[in-house]
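Asker: All the letters of the sequence shown, read from the start, carry residue numbers -26 to -1, 1 to 351 under mature numbering (1 follows the signal peptide of the UniProt record, and there is no 0). Here a beta-carbon is modelled for each residue, glycine too, at the ideal position from N, C-alpha and C.
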Amino acid sequence: MPKAAAVTCGLAATALVLSACGSAPANIAGGKAAATATSAKDLGGMDALVAAAKKEGTLNAIALPRDWANYGALIDGFTAKYGIKVSVDNPNGSSQDEISAVTSRKGQDRAPDVVDLGSSFALSAAQQGLLAPYRVASFDAVPQAQKDAQARWYNDYGGYVSIGCDAKRVKECPKTFADLRKPEYKGQVALNGNPTKAGAAFAAVYAASLANGGSFDDIKPGVDFFGELKKNGNYTPVEATPATIEKGETPISVDWDYLNAGYAEEFKSKGVDWQVSVPEDGKFSQYYSQAVNKDAPHPAAARLWQEYVYSAEGQNLYLKGHARPALMTSMAKDGTLDKDAAAKLPPVSGTPSFPSEAQQAKAKQTLAQGWGQAVSG
């Protein structure tokens, strides 16, 4: 839809006019538009939500690689269950790419309906007024520290920063951040993206900070650490992906444990011995957050996707992808957790803690100011 038409639809005040605009939210169920529904109850219950979503027939997702946290199975499961086509734009995009798409495509049919953001980026999107409040049926079971009080975002899955290593290319795989300083790792240490844009890399720098005297209040030691690795030649600017790992371009990757564990399974048949360890000197856990675009072109499908992701089926699919679902504790209590999949998670000890909204905002500012200079040249 042209931008001019989208603006006209946005100014329309009645359901009659809205229904005439191609990309504007037009689903009415239970007397309330799907675009303003804050729960399935607002639409008359789950059956009504399902009916409205099926009528839309499409869900626009973004930055969801099929091999990331088992998203391929989640997408296929959603389509099989509801008959709704899932279109994934820019599958290898970053959290910042998702936010940019939400803002630049406002009013367009191809705008993202839902986003899956690193937690600091979810906070930023909420502050910008981009997200719609919506409480899934299992909202109360999401841990208090892992959700927005207004239900604009809440964590869906997460894990720990880990070090993945190709044991056939690296004589002795590093197991701590301190190990990464060793001269034998020259040109081999990579990140999954740029930490100013990608949640995985952002977490890696935070973990490195904790390993080097930093704290949730101070990420700079992590920036300095990677600056040191760049200076001694160990850090490579090549961003780690399944392709670069398979080719041997990034034989050591600091990334989420669920991604590294997934690579270990994926590459076994290709002769790659990918080993994974959670560094004890920089233990950092973080989750990604699901949210609905406030201006989603398919508002009912967006909300149904949230319900599916936070169902036992959806959460267990994350678990089968080696990710730790947000509802893992409550599902273990009510008996719906896949115990076999849980047993395959990389082992960790202790209880994770998370930086606050203010701490993450400060960390992002520090990265924006200093990352480029630290790893340039």
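1) With DSSP run on the structure shown, which of helix, strand or coil describes T32?
2) Might you give, ordered along the chain, the residues of its own chain that have their beta carbon closer than 8 Å to the beta carbon of D87, omitting 5 neighbours on each side?
3) I'd like to know whether the C-beta atoms of R298 and G133 end up nearer to each other than 9 Å.
4) How many angstroms separate the CA atom of G67 from the CA atom of R126?
5) Helix, strand or coil: how does DSSP classify W345 here?
6) For the alpha helix (DSSP H) that contains V283, what are its first and last residues?
7) What does DSSP give as the partner residue(s) for A47 in the beta ladder?
8) Determine contact between the stretch 68 to 88 and the stretch 327 to 337, defined as no fewer than three beta-carbon pairs at a distance below 8 Å.
9) Taking Cβ positions, are V246 and K145 nearer each other than 9 Å?
10) Tell whether a beta-carbon distance below 9 Å holds between G295 and W42.
11) With a floor of 4 residues, list each alpha helix (DSSP H) that falls wholly inside the stretch 39 to 109, ordered by position along the chain.
12) How should D153 be labelled, buried or exposed, when 16 other C-beta atoms within 10 angstroms of its C-beta is the threshold for buried?
13) Spatial neighbours of residue 433 within its chain, please: CB distance less than 7 Å, with the 5 preceding and 5 following residues excluded, ordered by chain position.
14) Between which two residues does the alpha helix (DSSP H) holding D198 run?
15) Taking DSSP's pairing of strands, which residues face R298 in a bridge?
16) Apart from the five residues just before and just after residue 357, which ones in its own chain have a Cβ nearer than 6 Å to its Cβ?
17) So V179 is in the alpha helix (DSSP H); what residue range does that whole segment cover?
18) Suppose contacts are defined by Cβ-Cβ distances below 9 Å. Is Y131 in contact with Y237 by that definition?
19) Where does N267 sit, in a helix, a strand or coil, going by DSSP?
20) For the beta strand (DSSP E) holding E229, just list the boundary residues, first then last.
21) Kindly indicate which three-state DSSP category P165 falls into: helix, strand or coil?
22) Three or more beta-carbon pairs under 8 Å between the stretch 298 to 312 and the stretch 55 to 62, yes or no?
23) Do K183 and G201 have their C-beta atoms closer together than 9 Å?
24) Please classify A14: is it buried, with 16 or more other beta-carbons within 10 angstroms of its beta-carbon, or exposed?
25) Since A315 is in the alpha helix (DSSP H), which residue starts that stretch and which ends it?
26) Find out if the Cβ-Cβ distance for the pair G288, G51 is shorter than 9 Å.
27) When we look at the beta-carbon of A119 and count the other beta-carbons within 10 Å, is it buried (16 or more) or exposed?
28) Looking at the strands, I want to know which residues DSSP matches up with G138.
29) Tell me where the alpha helix (DSSP H) around T218 begins and ends.
Answerer: The relevant details are as follows:
1) One-based indexing of the sequence shown puts residue 32 at position 58. Three-state DSSP puts T32 in a strand.
2) Residue mapping note: residue 87 aligns to position 113 of the sequence shown, counting from 1. Result list for D87: L33, N34, A35, V266, N267, A270, P271, H272, P273, A275, A276 and W279, in chain order.
3) Numbered from 1 along the sequence shown, position 324 holds the residue referred to as residue 298. Numbered from 1 along the sequence shown, position 159 holds the residue referred to as residue 133. Cβ atoms of R298 and G133: closer than 9 Å.
4) To locate residue 67, count along the sequence shown from 1; it is residue 93. To locate residue 126, count along the sequence shown from 1; it is residue 152. Each residue's alpha carbon lies about 22 Å from the other.
5) Taking the first residue of the sequence shown as 1, we reach residue 345 at position 371. In the structure shown, W345 adopts helical secondary structure according to DSSP, grouped into three states.
6) Stepping through the sequence shown from its first residue, residue 283 is reached at position 309. Run containing V283: P273 to V283, per the alpha helix (DSSP H) assignment.
7) As a first step, residue 47 is located in the sequence shown; it is residue number 73 there, counting from the start. Beta-bridge pairing links A47 to no other residue.
8) A contact between stretches requires three or more CB pairs, one per stretch, nearer than 8 Å, and the stretch 68 to 88 fails this requirement with the stretch 327 to 337.
9) As a working note, residue 246 is residue 272 in the sequence shown. As a working note, residue 145 is residue 171 in the sequence shown. Between V246 and K145, the C-beta gap is not smaller than 9 Å, which leaves the two residues out of contact.
10) Taking the sequence shown and counting its residues from 1, the one referred to as residue 295 is at position 321. Taking the sequence shown and counting its residues from 1, the one referred to as residue 42 is at position 68. The answer is yes: Cβ separation under 9 Å.
11) If we require 4 residues or more, the alpha helix (DSSP H) runs fully inside the stretch 39 to 109 come out as 45 to 56, 69 to 78 and 93 to 101.
12) The residue you call residue 153 lines up with position 179 of the sequence shown. Looking at its Cβ environment, which holds 16 or more other Cβ atoms inside 10 Å, D153 is buried.
13) The displayed coordinates of the chain run from -26 to 351. Any statement about residue 433 would go beyond what the structure contains.
14) The sequence position of residue 198 within the sequence shown is 224, counting from 1. In this chain, the alpha helix (DSSP H) harbouring D198 covers K194 to K205.
15) For the purposes of this step, residue 298 is taken as the residue at position 324 of the sequence shown. Answer is G132, bridged to R298.
16) Summary: the structure shown does not reach residue 357, with the chain confined to residues -26 through 351, and so no result is reported for it.
17) Position 205 of the sequence shown, counted from the start, is the residue given in the question as residue 179. Bounds of the alpha helix (DSSP H) holding V179 are G173 to L184.
18) Here residue 131 corresponds to residue number 157 of the sequence shown, with the count starting at 1. Here residue 237 corresponds to residue number 263 of the sequence shown, with the count starting at 1. No, Cβ-Cβ distance for Y131 and Y237 is not below 9 Å.
19) Residue mapping note: residue 267 aligns to position 293 of the sequence shown, counting from 1. Strand at N267.
20) By 1-based counting over the sequence shown, the position of residue 229 is 255. The displayed chain sequence assigns Asp, not Glu, to residue 229. Run containing D229: I226 to W230, per the beta strand (DSSP E) assignment.
21) Locating residue 165 in the sequence shown gives position 191, counting from the first residue. Strictly speaking, residue 165 in this sequence is Leu, with Pro absent from that position. Note: L165 maps to strand in three-state DSSP.
22) Counting Cβ pairs under 8 Å, fewer than three are found: no touch.
23) Your numbering for residue 183 matches position 209 in the sequence shown. Your numbering for residue 201 matches position 227 in the sequence shown. With the sequence shown as reference, residue 183 is identified as Ser, and Lys is not the correct amino acid for it. No.
24) Numbered from its first residue, the sequence shown carries residue 14 at position 40. So A14 counts as buried.
25) For this step, residue 315 is matched to residue 341 along the sequence shown. That run of the alpha helix (DSSP H) goes K313 to A317.
26) As a first step, residue 288 must be located in the sequence shown, where it is residue number 314. As a first step, residue 51 must be located in the sequence shown, where it is residue number 77. The answer is yes: Cβ separation under 9 Å.
27) For the purposes of this step, residue 119 is taken as the residue at position 145 of the sequence shown. Counting of Cβ neighbours within 10 angstroms places A119 among the exposed residues, the total staying below 16.
28) Numbered from its first residue, the sequence shown carries residue 138 at position 164. Bridge partners of G138: S227 and V250.
29) Mapped onto the sequence shown, residue 218 falls at position 244. Segment P216 to K221, the alpha helix (DSSP H) holding T218.
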